[in-house]
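All remarks here apply to the structure that follows.
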Amino acid sequence: MYSWSAALAAAREGVRTLLVERYGCFGGNITQAGVESIAWYRHAGTVDIQGIGIEFEQRAQQMGATDPEPQSQSEALNTELFKVVADTLIQESDIIPILHCMAVETVMAGDVINGIVTESKSGRQAILAQRVIDATGDADIAHRAGAPWRMAPKNDLLGVTVSFSLTGVDRERFLAHVKSNPSTYKNWALETTGKEDDLFSPISRILSKWPKRPGRFPGTWTSPAPGAGSVNMGRPHISMWSTCTAMMRPMSGTRGEIEGRRQAMWAVNALKKYTPGFEKAAIRTFGSSLGTRESRKIIGRTNLTAYDVRNQGRFEDVIGIFPEFLDAYGIVILPTTGRFFQVPDGIMVPQKVENLLVAGRCVAGDRISHAATRQMMCCTVTGQAAGVAAALSVKDGASCSQVDIGRLQKSMVSQGVRIR
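For the sequence shown, the numbering used here assigns the number -13 to the initial residue and increments by one for each residue that follows.
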């Protein structure tokens, strides 16, 4: 999602832009992992982001690719139709898209990145570029270019998920059951500010009764589609051993995919047995890729901290805002009171590599700040900013680390982004 946020932003600044995608569709965790809810934090008092992330949600709604999200004032995205939304936005731009193509190495001249090496059915090819944006989520390009990064110890990393959707669900009976057996955030969150405790949360009360083991948590549902007899389930998480290595080591990734589908079938059987409306439910789809929450994070020019995201951090090199929304490590803080922090340019700028920017969940920051910056809407902010910054650095003949912050902020505002 943040890769084409960056590509759209760069193209709108008038520079030639190539978007390389390893899978057969654009949209990232939405279309590949099957994550429907991208703004489930939004409530009446939320001061939200602006820019491309909101544009994605609005465009999907216009194209009939959304349903109301059950716990917020946002839209749940149809993960299949959103592929078409992505295609449409890209085709309307001047982006050159390449699907089924994976970056495997970097082209370097000292500490300056000059492009990437890719693998595809056509073989190994080099793509040269004046600027490169790493939107892999795992800092793959930054890592191969020699930029320093950090990663939490294996057992401290956030879990990965195989999302799945069901068909054959009696929507009305299920929603009546939810209404008579409401769940709230205090049923599962380990830490809140108190204001979240009594808000509705679409957690499965049946799955929440499962025995808790490390790395296994209850499940949530997102969008029971009207008339379709289907519902998307965002859980269960799978065991911690597959977390960070799942997408970086093929064998652990293989185990993670298989174990995730096995646990999903456990969940389906439990739902069919114990949840009204699910008696005739059957698997419709699995996410085509594991949903990864945490892996490598770069060491940036600026490193966001827990204090910044919990105390409305302000920065001179601000490139956007994000609400005070944290969801990870048992923490749930929802932005119901208008609080937000500023997102600084420096978290996208890696050390020891020039002309490379990083967008998405692998931007620089500590453990708790990751609970905010990993969120998909925040990733669209860093994606859009990376695209604009890369474009301006090309036009101005300056390296990405030396881009004029005033010009960057002005361009972000002109693209509809809120920075203050």
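We put the beta carbon where it would ideally sit given N, CA and C, even for glycine. No experiment lies behind these values; they were computed from the predicted model shown.
Three-state secondary structure assigned by DSSP to residue i
i	result
Ile391	helix
Phe264	coil
Ile24	coil
Ser(-9)	helix
Asp124	coil
Arg354	For clarity, residue 354 is Ile in the given sequence; the question names Arg instead. Of the three classes helix, strand and coil, the one that applies to Ile354 here is helix, per DSSP.
Asp142	helix
Gln370	helix
Thr359	helix
Ile405	coil
Arg270	strand
Ser225	Bear in mind that a pLDDT of 36 at Ser225, under 50, signals an unreliable position, so the number given afterwards is only what the model happens to contain. In the structure shown, Ser225 sits in coil (DSSP, three-state: anything other than H, G, I, E or B).
Leu176	coil
Element boundaries [alpha helix (DSSP H), containing residue i]
i	result
Met251	236 to 260
Ile40	38 to 48
Ile76	67 to 78
Leu161	157 to 166
DSSP beta-bridge partners of residue i
i	result
Thr322	Paired residues: none, contrary to the question.
Leu114	Gly101
Gly277	Thr147
Arg136	Lys283
Ser397	Its beta-bridge partners do not exist; DSSP assigns none.
Gly109	Ser106
Pro336	Gly286
Gln328	Ile307
Thr170	Phe186
Cβ-Cβ separation, residue j to residue i (assumed contact under 8 Å), whole Å
i	j	result
Val367	Gly123	The pair is not a contact, with the Cβ atoms about 15 Å apart (cut-off 8 Å).
Pro54	Arg159	That pair is no contact at about 19 Å.
Ser385	Glu340	5 Å
Ala345	Gly369	4 Å
Leu152	Ile269	6 Å
Ile319	Thr147	21 Å between Cβ atoms; not a contact.
Ile113	Val254	Their Cβ separation, rounded to whole angstroms, is 42 Å, which puts Ile113 and Val254 out of contact at 8 Å.
Ala434	Phe150	Past the boundaries of the shown model lies residue 434; the chain is included only from -13 to 406, so the question cannot be answered.
Residue interval of the beta strand (DSSP E) (run including residue i)
i	result
Phe308	304 to 309
Glu61	61 to 63
Ala95	88 to 95
Leu312	312 to 314
Gly53	Strictly speaking, residue 53 in this sequence is Asp, with Gly absent from that position. Residues 52 to 54.
Val295	Unbroken run through Val295 is the alpha helix (DSSP H), 292 to 296; no beta strand (DSSP E).
Leu85	No beta strand (DSSP E) holds Leu85; DSSP gives it neither H nor E.
Thr3	3 to 6
Val344	342 to 344
Proximity test, Cβ basis, 8 Å: residue i and chain D
i	result
Glu310	Protein chain content of the structure displayed is limited to a single chain, and chain D is not contained in it.
Residue i beta carbon near the ligand GTP (any heavy atom closer than 7 Å)
i	result
Val21	You won't find the ligand GTP in this model; it holds no ligand whatsoever.
Pairing CB atoms from the region 128 to 147 with CB atoms from the region 281 to 291, are three or more of them under 8 Å? yes
Within the chosen definition, does the region 321 to 334 reach the region 286 to 295 through at least 3 CB pairs nearer than 8 Å? yes
The region 298 to 311 / the region 53 to 69 touching (three or more Cβ pairs under 8 Å): no
Is there contact between the region 17 to 31 and the region -11 to -3, where contact requires at least three CB pairs shorter than 8 Å? no
Within the chosen definition, does the region 79 to 92 reach the region 114 to 133 through at least 3 CB pairs nearer than 8 Å? yes
Touch check for the region 40 to 51 and the region 98 to 118: three-plus C-beta pairs under 8 Å? no
Between the region 353 to 361 and the region 6 to 15, are three or more C-beta pairs nearer than 8 Å? no
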